[in-house]
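Under this note's numbering, think of the first position of the sequence shown as 120, with each following residue one higher.
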Amino acid sequence: MGLDMYACTLREPPAVPVDFDVEEATALHYWRKHPNLHGWMEWLYREKGGNDAKFNCANLRLTADDLDRLETAIRDRTLPILKASSSACPTAARSTIAFVAKGRDALADGLAVFYTAWW
C-alpha cells in the first residue's frame, strides 16, 4: 500500500471547495509517496472546511491563491515534515513546482484544478 496523489482538472468548477463529487476529470499531475505535500494539502483541506477524518479520496479544489501559497511553501521549505521520505529530496520539490506551473496554466485556460489522494 502507498500514497498515490493526483491533481486533475474539471471543465466546470465545483460548487463547494471540498468533498465534491467528480464524474469526469482530466489528469494533470501525479505524485507517489510525497507525504509532506499530502500533509500540506490536508491542512488546506481542513482550512477550507473539509471533515473527512482520514483525508483519503477527498477532493480539494485549488485556486490561484492556493498555488501561490504552495509554491511559497516549497521554495521556503515549510511543508510540514510528516516522516523521513523522498519528500525532502530536490526531485519532489521540482515535481511540485512543475505542478504549480501546470495548475496555473489550467486555471488560465478556464479549468478548475483539484487535488485528491488514495492510500
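Ideal Cβ placement from N, Cα and C applies to all residues, glycine included.
This structure is a prediction, so every number in the text was calculated from the model and none was measured.
DSSP-derived helix/strand/coil call for residue i
| i | result |
| --- | --- |
| Phe218 | helix |
| Thr191 | helix |
| Leu186 | helix |
| Asp123 | strand |
| His157 | helix |
Chain-order list of residues whose beta-carbon lies under 8 Å from that of residue i (same chain, five-residue window excluded)
| i | result |
| --- | --- |
| Lys221 | Ala126, Leu147 and His148 |
| Asn175 | Ala236, Trp237 and Trp238 |
| Ala192 | Trp159 and Leu198 |
Cβ-Cβ separation, residue j to residue i (assumed contact under 8 Å), whole Å
| i | j | result |
| --- | --- | --- |
| Pro81 | Lys167 | An answer regarding residue 81 cannot be provided, because it is not within the stretch 120 to 238 covered by the chain. |
| Asp185 | Leu156 | Rounded, the Cβ-Cβ distance is 13 Å, inconsistent with contact. |
| Asn178 | Thr235 | 5 Å |
Contacting residues, own chain, Cβ-Cβ under 7 Å from residue i (five flanking each side not counted)
| i | result |
| --- | --- |
| Leu201 | Pro154, Asn155 and Gly158 |
| Ala225 | Thr128, Leu147 and Val232 |
| Ser205 | Caution applies to Ser205, whose pLDDT of 46 falls short of 50 and renders its modelled position unreliable; the model cannot decide the point. |
| Leu181 | Gly222, Val232, Phe233 and Tyr234 |
Close-in-space but distant-in-sequence residues of the same chain around residue i (CB under 6 Å, 5 per side omitted)
| i | result |
| --- | --- |
| Phe139 | Pro133 and Asn178 |
Check whether residue i and residue j have beta carbons under 8 Å apart
| i | j | result |
| --- | --- | --- |
| Ser183 | Arg213 | Looking at the sequence shown, residue 183 is not Ser but Ala. Cβ distance not < 8 Å, so Ala183 and Arg213 don't count as in contact. |
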